[in-house]
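Residue numbers (the numbering used here), protein chains in the order written: chain A, 36 to 231; chain B, 36 to 231.
Note sheet for the following structure.
Protein chains: 2
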Amino acid sequence: MLDGPIRDRVAERRELTRREIIDAAWEVAGEVGLASLTLRQIAAKVGMQAPSLYSHFESKNAIYDEMFARAWGDFEESALARWANLSGQPRLAVKQMVRHFFDFAVADLARYQLMNQRILVGFEPTARSFAPSLRVVERSAEIHQAAGVSSEDHLILLALVSGVVNQHFANDPGGTTYSDLLDRSVDMWADAVGLR
Amino acid sequence: MLDGPIRDRVAERRELTRREIIDAAWEVAGEVGLASLTLRQIAAKVGMQAPSLYSHFESKNAIYDEMFARAWGDFEESALARWANLSGQPRLAVKQMVRHFFDFAVADLARYQLMNQRILVGFEPTARSFAPSLRVVERSAEIHQAAGVSSEDHLILLALVSGVVNQHFANDPGGTTYSDLLDRSVDMWADAVGLR
DNA sequence: GTCTATACTGTGATAGAC
DNA sequence: GTCTATCACAGTATAGAC
């Protein structure tokens, strides 16, 4: 006999379908915008009728919630992996963290809006979906505190980076203007807070 | 006989009604969010039936466009008035400009979203409505150039300020966390660019 | 210029057959 | 679990009486 827990093929299949739906939702969001995405569009993309989605998600907001959780979960995963071996030079380490966030944010407008802006009116992420986001900010705060950065200055760094991302999307999406400005921005901040 | 052009009472009345509608639209936007505002809600607020709005605006986007123009027009008016007598000390002058923008932005989320973020999917401001926005940025660039600030550093300042506003709305709307951080943020930037 | 009436489309969501 | 059929409602927009 085989050891270990018995695989639950039904649950696995269900989870796979949920993932398919979320992937389709991201595709649609990229095409028509996060706010104008409709259940019918998602269903069409995944080869279902719209009502069938309700076998997998109890509402449209539940889909948004899963998208939110997945987006922050993905970022957390990639971030924690990188942050485990940052440069020993604090300034360089910060630049690495910032660059990673910038690249991740800029890669997908809809995802960035869902993760970091309040553009969906009726939607509030559940506590469960919000958890990865909290962990990432917390971990970033710890790293900066260890480097001697005050919590206020940490907030300013986050504001600066989010601002550069915003300006990128607003004024030069697809261009490199703000990507080119990123390192200088961080240097300014690092100089001011006295980071080696 | 009286001199001067004859008043056009009809046109005046029309313009007044348009203004009433835009004011009502801002009220509704503040209540339900910029994107979920409906013509029926605006009409109800102004004491009309929804179709009657089409006597004054040719579409919903035309209403958004007028809101956009009015918002930037208002900011331009108040900004140019202040910028005419800025402090002679460059750093203080920048702080005054930034503080004014921050206060204006933070006073109204819906207005800020319309002015500075792309949250409405089908909407693009017309060239006419976009003009005040361009003039403001242009004037700001001139002032900073006169103070010896490079155009790159000017862009970084704009990013920084927009980032602080964003973090305010995202993390502490109604609070003073980011308002309190604003001066220190600008000082960091001013130190880095060597502003007196 | 404003009204009533209405057209038409699209939305999220539900019921029940299979 | 997916389907068809349908609901109730809101969306923008137009026609025509007054």
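All residues carry an ideal CB built from backbone N, CA and C; glycine is no exception.
These numbers were taken from a predicted model, which means no experiment stands behind them.
Interface criterion met: the Cβ of Val199 of chain A is under 8 Å from a Cβ in chain B. Under the Cβ criterion (8 Å, minimum of three pairs), the region 166-173 of chain A does not count as touching the region 191-199 of chain B. For Ser220 of chain A, the chain B residues whose C-beta falls within less than 8 Å of its own C-beta are Ile191, Ala194 and Leu195, listed in chain order.
In this structure, the straight-line span from the alpha carbon of Leu115 of chain B to that of Val171 of chain B is close to 8 Å. Counting every other CB atom within 10 Å of its CB across the protein chains shown gives Val45 of chain B a total below 16, marking it as exposed.
Here DSSP, grouped into helix, strand and coil, assigns Pro86 of chain B to helix. At least 8 Å separates the beta-carbon of Ile77 of chain B from that of Leu69 of chain B. Taking C-beta atoms under 8 Å as the contact rule, Asp100 of chain B and Thr161 of chain B qualify, at a distance of about 6 Å.
Cβ-Cβ distances below 7 Å link Asp207 of chain A to Tyr213 in the same chain, with the five nearest sequence neighbours on each side left out; the list follows chain order. The criterion of a C-beta distance shorter than 8 Å is not satisfied by Val200 of chain A and Phe103 of chain A. Here Ala182 of chain A has Pro125 and Leu230 as same chain residues with Cβ atoms under 7 Å from its own Cβ, once five neighbours each way along the sequence are excluded.
Along the region 91-125 of chain A, the beta strand (DSSP E) does not occur as any fully enclosed run of 3 or more residues.
For Ser197 of chain A, the enclosing alpha helix (DSSP H) begins and ends at Ser186 to Asn206.
Taking the Cα positions, Glu112 of chain A is about 21 Å away from Ala59 of chain A.
Beyond the five residues adjoining it in sequence on each side, Arg117 of chain A comes within less than 8 Å, by CB distance, of Gln131, Met132 and His135 in the same chain, given in chain order.
From the listed residues B:Gly108, B:Asn151, B:Val221 and B:Ala142, the smallest Cα separation to Gly210 of chain B is found for B:Ala142. Residues of the region 134-151 of chain B with a C-beta less than 7 Å from any C-beta of chain A: Asn151, listed in chain order. Annotation for Gly183 of chain A: no alpha helix (DSSP H) segment contains it, and DSSP assigns it neither H nor E.
Boundaries of the alpha helix (DSSP H) around Arg54 of chain B: Arg44 to Val67.
Per DSSP, reduced to three states, the secondary structure at Pro167 of chain A is helical. Taking 8 Å as the cut-off, the beta carbon of Gly157 of chain B is found closer than this to the beta carbon of Asn96 of chain B.
Between Leu127 of chain B and Phe204 of chain B, the C-beta spacing is not below 8 Å.
Here Ile98 of chain A is buried, its C-beta having at least 16 other C-beta atoms within 10 Å. By the CB criterion at 8 Å, Val228 of chain B and Val184 of chain B fall inside the cutoff. Out of B:Arg146, B:Ala85 and B:Thr73, the CA that lies nearest to the CA of Ala106 of chain B is found in B:Arg146. The Cβ of Trp61 of chain A sits no closer than 8 Å to any Cβ of chain B. Judged by DSSP in its simplified three-state form, Arg153 of chain B adopts coil rather than helix or strand. The beta carbon of Leu216 of chain A falls within 8 Å of a beta carbon belonging to chain B, placing the residue at that interface.
According to the DSSP assignment, Ser220 of chain B belongs to the alpha helix (DSSP H) that extends over Thr212 to Val228.
For Ser71 of chain B, the closest Cβ of chain A is nearer than 8 Å. Under the Cβ distance rule, Trp107 of chain B does not count among the residues neighbouring chain A, no pair being separated by less than 8 Å. For Gln202 of chain B, the closest alpha carbon among the candidates A:Ala85, A:Ile41 and A:Met150 is that of A:Met150.
Distance from the CA of Ala176 of chain A to the CA of Glu187 of chain A, rounded to the nearest whole angstrom, comes to 10 Å. Within chain A, Val156 have C-beta atoms less than 7 Å from the C-beta of Gly68 of chain B, given in sequence order. Counting C-beta atoms within 10 angstroms of its own C-beta, Ser94 of chain B has fewer than 16 neighbours from the protein chains shown and is therefore classed as exposed.
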